[in-house]
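**Q** Each step along the sequence shown adds one to the number in our numbering, with nothing skipped, and position 464 is 874.
Beta carbons: idealized from backbone N, C-alpha and C, even for Gly.
Here the structure is a predicted model, which means the values were calculated and not measured.
Here's a structure for you.
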Amino acid sequence: MELHQMGVAELSAGLRNKDFSAVELSSTLLQRLRQAQDNLNACITISEESALEQARAADQRRAQGDSAPLLGVPLAHKDIFCTRGQRTTCGSKMLAEFVSPYDATVVQRFQKAGMVSLGKLNMDEFAMGSSNETSFFGAVRNPWDLTRVPGGSSGGSAAALAARLLPAATGTDTGGSIRQPAAFCGVTGLKPTYGRVSRYGMIAFASSLDQGGPMARSAADCALLMDVMAGHDALDSTSHPQAAGRFSAALGRSVKGLRIGVPEEFFGEGLDPEVAQVVQEAIQWYVRQGAEIRPVHLPNNVHAVSTYYVLAPAEASSNLSRFDGIRYSHRSGSSVDLQELYLQSRYEGFGPEVRRRILVGSYVLSAGYYDAYYRKAQQLRALIREDFRRAFAEVDVIMGPTTPTPAFALGAKSADPVAMYLADIYTIAVNLAGIPALSLPCGFSKAGLPIGLQIMGNYFADELILGLGDAYQRDSDWHQQVPGWEEQ
């Protein structure tokens, strides 16, 4: 098997057996990243020099007897994680030239594990988008169909994985930004329980919703990545004291006796019939293995999108106030006084979607509208969380579609923000509640586009849902299908 076709576990075994070196592996993938850039635009920065330096260090560690599981395995980071000495842009003109003076905790942990970072991946600007079309560095294209979006905001991560440019990538999920692009591109992505992965050095969009997580080709590979990236971090006040876990040890579990909740709210109006059929077939696989299906109700899911688009912009308007053109962000060259410098720098530095959300957030937090919008949204968030609490009293996991449709065409929803927001209708409630959820490929549409199954778990059930995803993938090959982007 060619090196670029191998997943994390296979590459780990090959490096351990000395079938190839970390330098050979990284060189091969760096070449593919460069060659794919014109077609896919998945990267913002390709770090060839530092990657080869890290690969040589990994080979030296192995020669000295180090047998760390991920030593020498390559990955790339979503360009929202601060990386010392390298650009961290958040896909924005505002930070286009920002070179971070420190590493995010997630970056630091992968470095300690000996993984080789090949660069920074494209994303929607400040993680605000569902199609990867808001990036200042241009839209990412879906490897399954170059005329379609890869999803967002972690679209660069998903596209690079699907195109076999990388075996692993980091992503962040604020309202579905790991799971939705994973579904659109036919890869696997985990949104962990809020607090299991440190947010330190992950540039904030909406602090109570943002969560970093792994993206890879399989649930088993995601579990290996979680073994490294999860854990308590004293530098992050939202990090849970018991965040660490042995995720890969949870693989290989039996499905027999599992209680699966299927919410009727996820199979109603707006769901593409092809998606519904494929997802139902995947759920029936679990039934054949001995699982039990139970109907559950999430009545407040209908309010999830509107609740999210009050709370997330409110937090964004606060978090992005630091980008003022004075310290380290874009500075306008046409200002005549301090007030105009602030205004022009922010207008020039932020794209239309980011400006839209800042305006919405400032509005709902204003004195005259706080109670009518922000407070009411927080009350709805509590009801959404309670819906999940009641459901998990009856079932072990909840399953349904990740997205209402397969990937849509580039530009199809750019002029209609509300239609774009509804692409996250099945993912947003998970972030509002703070629970974990996994998206994994479970089939294709008639047009040959991937479809994702979403498995949601109770708080700290990350290991359970990874194990269930792994069980399905041991008996299916949807996650092993390769797009033909190189022939398009």
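Restricting to Cα atoms, I'd like to know which of Pro816, Val892 and Ala825 is closest to leucine 863.
**A** Out of Pro816, Val892 and Ala825, Pro816 has the C-alpha closest to the C-alpha of leucine 863.
**Q** Three-state secondary structure (DSSP) at aspartate 555?
**A** Here aspartate 555 sits in strand by DSSP.
**Q** For cysteine 492, which of helix, strand or coil comes out of DSSP?
**A** The answer is coil: DSSP assigns cysteine 492 none of H, G, I, E or B.
**Q** Closer than 8 Å by C-beta to leucine 820: which residues in its own chain qualify, once you throw out the five before and the five after it? Chain order, please.
**A** If we look at leucine 820 and ignore the five residues flanking it on each side, its Cβ neighbours are Ser541, Glu543, Ala549, Arg551, Thr557, Arg558 and Val559.
**Q** Could you tell me the distance, in whole angstroms, from the CA atom of leucine 876 to the CA atom of glutamate 420?
**A** Approximately 18 Å, taken between the alpha carbons.
**Q** Need the endpoints of the beta strand (DSSP E) that arginine 527 sits in, please.
**A** According to the sequence displayed, residue 527 carries serine and not arginine. It spans 526 to 531 - the beta strand (DSSP E) in which serine 527 sits, taken as one unbroken run.
**Q** What are the start and end residues of the alpha helix (DSSP H) that includes threonine 544?
**A** Taken as a continuous stretch (DSSP letters only), threonine 544 belongs to no alpha helix (DSSP H), as it is neither H nor E.
**Q** Looking at the structure shown, is methionine 612 part of a helix, part of a strand, or coil, going by DSSP?
**A** Strand, per DSSP.
**Q** Using 10 angstroms around the beta-carbon of asparagine 427, count the other beta-carbons present and answer buried if the total reaches 16, otherwise exposed.
**A** It is exposed - the Cβ of asparagine 427 has fewer than 16 other Cβ atoms within 10 Å.
**Q** Relative to the C-alpha of proline 624, which residue among Ala801, Phe615 and Ser587 is closest?
**A** Among Ala801, Phe615 and Ser587, the Cα nearest to that of proline 624 belongs to Ser587.
**Q** Measure the CB-CB distance between arginine 791 and leucine 842 and report whether it falls below 7 Å.
**A** Result yes, Cβ atoms of arginine 791 and leucine 842 sit closer than 7 Å.
**Q** Give the DSSP bridge partners of valine 640, in chain order.
**A** According to the sequence shown, residue 640 is alanine rather than valine. DSSP, once it has assigned bridges, lists Val607 as partnering alanine 640.
**Q** Consult DSSP for isoleucine 454 and reduce its assignment to one of helix, strand or coil.
**A** In the structure shown, isoleucine 454 sits in a strand (DSSP, three-state: E or B).
**Q** I'd like to know whether the C-beta atoms of arginine 609 and aspartate 646 end up nearer to each other than 7 Å.
**A** Their beta carbons are under 7 Å apart, which means arginine 609 touches aspartate 646 by this criterion.
**Q** Could you tell me the distance, in whole angstroms, from the CA atom of alanine 822 to the CA atom of arginine 795?
**A** Their Cα atoms are separated by approximately 33 Å.
**Q** Using DSSP's beta-bridge definition, name the partner residues of alanine 578.
**A** Its beta-bridge partners are Ala626.
**Q** Classify threonine 598 as helix, strand or coil using the three-state DSSP reduction.
**A** Threonine 598 falls in the strand class under three-state DSSP.
**Q** Where valine 418 and valine 828 are concerned, what is the direct C-alpha to C-alpha distance, given to the nearest angstrom?
**A** Each residue's Cα considered, the two are about 37 Å apart.
**Q** Return the chain-ordered list of same chain residues with a C-beta closer than 6 Å to the C-beta of serine 849, the five sequence neighbours on each side being excluded.
**A** Cβ within range, chain order: Arg589, Ala592, Ala593, Gly599, Thr812, Gly862 and Gln864.
**Q** Return yes when at least one heavy atom of the ligand COA lies under 6 Å from the C-beta of glutamate 463, else no.
**A** Although the ligand COA was asked about, the structure shown includes no ligands whatsoever.
**Q** Threonine 498 and alanine 537: beta carbons closer than 7 Å?
**A** In this structure, alanine 537 does not lie closer than 7 Å to threonine 498 by Cβ.
**Q** Answer yes or no: do leucine 413 and threonine 438 have a C-beta to C-beta separation smaller than 7 Å?
**A** For leucine 413 and threonine 438, yes; Cβs fall inside 7 Å.
**Q** Just confirm the distance between the C-beta atoms of methionine 612 and glycine 622, as a whole number of angstroms; I'd bet it's less than 8 Å.
**A** Contact flag correct, Cβ pair sits at about 5 Å.
**Q** Assign serine 905 to buried or exposed, taking buried as 16 or more other Cβ atoms, counted over all protein chains shown, within 10 Å of its Cβ.
**A** Nothing can be reported for residue 905: it is not among the residues displayed for the chain, which extend from 411 to 898.
**Q** Quick one: measure Cβ to Cβ for alanine 400 and lysine 666, integer angstroms, because I've assumed they're closer than 8 Å.
**A** Since the first residue shown for the chain is 411 and the last is 898, residue 400 is missing from the structure and cannot be characterised.
**Q** Report the three-state DSSP secondary structure of arginine 741 (helix, strand or coil).
**A** Looking at arginine 741 - three-state DSSP - the assignment turns out to be coil, as it is neither helix nor strand.
**Q** When the distance is taken between beta carbons, is proline 553 closer than 7 Å to proline 860?
**A** Not a contact, by the Cβ cut-off of 7 Å.
**Q** Count the other CB atoms, across all protein chains shown, that sit within 10 Å of the CB of isoleucine 845; report buried if there are 16 or more and exposed otherwise.
**A** Buried.
**Q** Can you name, in chain order, every residue of its own chain whose Cβ lies under 7 Å from the Cβ of phenylalanine 430, other than the five neighbours on each side?
**A** The residues are Leu413 and Gly424.
**Q** If you follow the alpha helix (DSSP H) that alanine 829 is part of, which residue opens it and which one closes it?
**A** Looking at the DSSP string, the run of the alpha helix (DSSP H) that includes alanine 829 is 827 to 831.
**Q** Starting from serine 567, trace the alpha helix (DSSP H) in both directions and tell me its first and last residue.
**A** Here the alpha helix (DSSP H) through serine 567 covers 565 to 572.
**Q** Give the C-beta separation of glycine 759 and lysine 503 to the nearest angstrom, bearing in mind that I take them to be a contact with Cβ-Cβ under 8 Å.
**A** Contact flag correct, Cβ pair sits at about 5 Å.
**Q** Measure the beta-carbon distance from alanine 660 to glutamate 873 and round it to whole angstroms, keeping in mind my assumption that it falls under 8 Å.
**A** So it is a contact: roughly 4 Å between Cβ atoms.
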